[in-house]
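Going letter by letter, the sequence shown gives residues 1 to 270 in the UniProt record's numbering. Some notes on the structure that comes next.
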Amino acid sequence: MSTIPPEDIDTTGHAGLLIGSRWSPPADPTWVAVIAHGYGEHIGRYQWVADRLTSDGAVVYAHDHVGHGRSAGERVLIEDFEPVVDDLHLLVQRAHEENPGLPLVLIGHSMGGMIAARYTQRHADCLAATVLSGPVLGSWEPTALADLDEIPPTPIDPTTLSRDETVGSDYQVDELVWHGDFKRPTLHALRSALDAITEGGRLTVPTIWLHGADDQLVPIGPSRAGWEQIAPEGAPAKAYPGARHEIFNETNREEVLDDVLAFVHEQIAS
Numbered sequence: 001m002s003t004i005p006p007e008d009i010d011t012t013g014h015a016g017l018l019i020g021s022r023w024s025p026p027a028d029p030t031w032v033a034v035i036a037h038g039y040g041e042h043i044g045r046y047q048w049v050a051d052r053l054t055s056d057g058a059v060v061y062a063h064d065h066v067g068h069g070r071s072a073g074e075r076v077l078i079e080d081f082e083p084v085v086d087d088l089h090l091l092v093q094r095a096h097e098e099n100p101g102l103p104l105v106l107i108g109h110s111m112g113g114m115i116a117a118r119y120t121q122r123h124a125d126c127l128a129a130t131v132l133s134g135p136v137l138g139s140w141e142p143t144a145l146a147d148l149d150e151i152p153p154t155p156i157d158p159t160t161l162s163r164d165e166t167v168g169s170d171y172q173v174d175e176l177v178w179h180g181d182f183k184r185p186t187l188h189a190l191r192s193a194l195d196a197i198t199e200g201g202r203l204t205v206p207t208i209w210l211h212g213a214d215d216q217l218v219p220i221g222p223s224r225a226g227w228e229q230i231a232p233e234g235a236p237a238k239a240y241p242g243a244r245h246e247i248f249n250e251t252n253r254e255e256v257l258d259d260v261l262a263f264v265h266e267q268i269a270s
């Protein structure tokens, strides 16, 4: 599988310039993927995922959320996730305009899975399917830090990302990753977004929920509980034994992407 370098693209979002990437397949695309990344990281960490998707015929779009990676904004400061969903909609609209008639699949990981779930509630007509990877749903323990007088340091233990040790070591030295503490407004916004999703009703787009069974960053129990409140009737779900948080970067990542693509093929065929 060859690595296709991305083309830089940019969008003017609600709080400034959003820097993103577009990966094109070697032949004419047959479908479109839009990726929403997780808290504190950036889309550059998804090159391998983009390689798998473009090899399958997808043209892939993504951008760094406000306050993340190369995009504008104070680092990891998000006071309301609804405008972040609006930003994502600008990217989805661009992807549709540049690839008219092709089915579009939204793929969200972690906080990006939360954003993707909310997007799917608000813009179901734009999507053929949604993939949620280790999504923050239901409730998330770190949001309780917002209730403390002083938020303690909360560094991410890199060993919780993947059983592949290089994933954690690369994360630690990645200058585009946020290595500092949570910000109170962001924690409040996360809690509000989770409540909005729970109250937003069941998803009407074919959606799959995938999670690492040994995920310590976004524990599987609360996420599964949140998923069960919004899951479409009969929606598929799968937990990977032993897998940690970043299932797209796990030692069984080929299996995970095989499952993603099998689901996508089933949806775009119908």
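Here a beta-carbon is modelled for each residue, glycine too, at the ideal position from N, C-alpha and C.
### Task
Locate the beta strand (DSSP E) running through residue 109, then write down its first and last residues.
As a working mapping, residue 109 is identified with position 109 in the sequence shown. For residue 109, the enclosing beta strand (DSSP E) starts and ends at 104-109.
### Message
Check for me: the beta strand (DSSP E) holding residue 21 runs from which residue to which?
### Response
In the sequence shown, residue 21 corresponds to position 21, counting from 1. That run of the beta strand (DSSP E) goes 16-23.
### Query
Could you give the residue range of the alpha helix (DSSP H) that holds residue 275?
A query on residue 275 cannot be resolved here, the shown segment of the chain reaching from 1 to 270 and no further.
#### Entry: Close Cβ partners of residue 205 (< 6 Å) along its chain, the five nearest in sequence each way excluded
Here residue 205 refers to the residue found at position 205 when the sequence shown is read from its first residue. Only 120, 124, 127, 130 meet the Cβ criterion.
#### Entry: Runs of beta strand (DSSP E) lying entirely within the region 18-83, each at least 3 residues, in chain order
For the region 18-83, the full-length beta strand (DSSP E) segments reaching 3 residues or more read 31-36, 58-63 along the chain.
### Task
Can you give me the Cβ contacts of residue 17 inside the same chain, cut-off strictly under 6 Å, excluding the 5 residues immediately before and after it?
Locating residue 17 in the sequence shown gives position 17, counting from the first residue. So the list reads 10, 72, once near-sequence residues are dropped.
### Message
Can you list, in chain order, the residues of its chain with a C-beta nearer than 7 Å to that of residue 171? Leave out the 5 residues immediately preceding and following it.
### Response
Your numbering for residue 171 matches position 171 in the sequence shown. Cβ-Cβ distances below 7 Å link residue 171 to 158, 161, 177 in the same chain, with the five nearest sequence neighbours on each side left out; the list follows chain order.
### Task
Tell me whether residue 8 sits in a helix, a strand or coil according to DSSP, three-state version.
What you label residue 8 is simply residue 8 of the sequence shown in a count that begins at 1. When secondary structure is reduced to three states using DSSP, residue 8 falls in the strand class.
### Query
Which partner residues of residue 239 appear in the DSSP bridge assignment?
Position 239 of the sequence shown holds residue 239. DSSP output for residue 239 lists 211 as bridge partner(s).
#### Entry: One or two residues paired with residue 132 in a DSSP bridge
Here residue 132 refers to the residue found at position 132 of the sequence shown. Its beta-bridge partners are 108, 209.
### Query
Which of the three DSSP states, helix, strand or coil, is assigned to residue 113?
Position 113 of the sequence shown, counted from the first residue, corresponds to residue 113. Of the three classes helix, strand and coil, the one that applies to residue 113 here is helix, per DSSP.
### Task
Locate the alpha helix (DSSP H) running through residue 218, then write down its first and last residues.
Taking the first residue of the sequence shown as 1, we reach residue 218 at position 218. Counting along the chain, residue 218 falls outside any alpha helix (DSSP H), and DSSP gives it neither H nor E.
### Query
DSSP beta-bridge partners for residue 13?
In the sequence shown, residue 13 corresponds to position 13, counting from 1. DSSP links residue 13 through a beta bridge to 16.
### Query
Relative to the alpha-carbon of residue 269, which residue among 3, 14, 30 has its alpha-carbon at the smallest distance?
Your numbering for residue 269 matches position 269 in the sequence shown. Among 3, 14, 30, the Cα nearest to that of residue 269 belongs to 30.
### Query
Should residue 142 and residue 154 be called a contact, given that it needs their Cβ atoms to be closer than 8 Å?
Translated into positions along the sequence shown, residue 142 becomes position 142. Translated into positions along the sequence shown, residue 154 becomes position 154. Cβ distance < 8 Å, so residue 142 and residue 154 count as in contact.
### Query
How many whole angstroms separate the CB atoms of residue 250 and residue 243, which I take to be in contact at a CB cut-off of 8 Å?
Here residue 250 refers to the residue found at position 250 of the sequence shown. Here residue 243 refers to the residue found at position 243 of the sequence shown. With a Cβ gap of about 5 Å, residue 250 and residue 243 count as contacting.
### Task
Quick one: using the 10 Å Cβ neighbour count with 16 as the cut-off for buried, is residue 173 buried or exposed?
For this step, residue 173 is matched to residue 173 along the sequence shown. Around the beta carbon of residue 173, fewer than 16 other beta carbons lie within 10 angstroms, which makes this residue exposed.
### Query
When the Cα atoms are used, what is the spatial distance from residue 221 to residue 118?
For the purposes of this step, residue 221 is identified with residue 221 of the sequence shown, where counting begins at 1. For the purposes of this step, residue 118 is identified with residue 118 of the sequence shown, where counting begins at 1. For residue 221 and residue 118, the gap between their C-alpha atoms comes out near 20 Å.
### Task
Would you tell me roughly how many angstroms separate the C-alpha atoms of residue 78 and residue 35, rounded to the nearest one?
Locating residue 78 in the sequence shown gives position 78, counting from the first residue. Locating residue 35 in the sequence shown gives position 35, counting from the first residue. Going from the Cα of residue 78 to the Cα of residue 35 covers about 19 Å.
#### Entry: The alpha helix (DSSP H) enclosing residue 263, as first and last residue numbers
Locating residue 263 in the sequence shown gives position 263, counting from the first residue. Residue 263 -> alpha helix (DSSP H) spans 253-269.
### Message
Less than 8 Å between the C-beta atoms of residue 20 and residue 43, yes or no?
### Response
The residue given as residue 20 occupies position 20 in the sequence shown. The residue given as residue 43 occupies position 43 in the sequence shown. A Cβ-Cβ contact shorter than 8 Å links residue 20 with residue 43.
#### Entry: Own chain, CB closer than 7 Å to residue 86, minus 5 neighbours either side, in chain order
Taking the sequence shown and counting its residues from 1, one reaches residue 86 at position 86. Close CB contacts of residue 86 within its chain, under the 7 Å cut and outside five residues either way in sequence, are with 14 (chain order).
### Query
Span of the alpha helix (DSSP H) holding residue 188?
Residue 188 sits at position 188 when you count from the first residue of the sequence shown. Here the alpha helix (DSSP H) through residue 188 covers 184-199.
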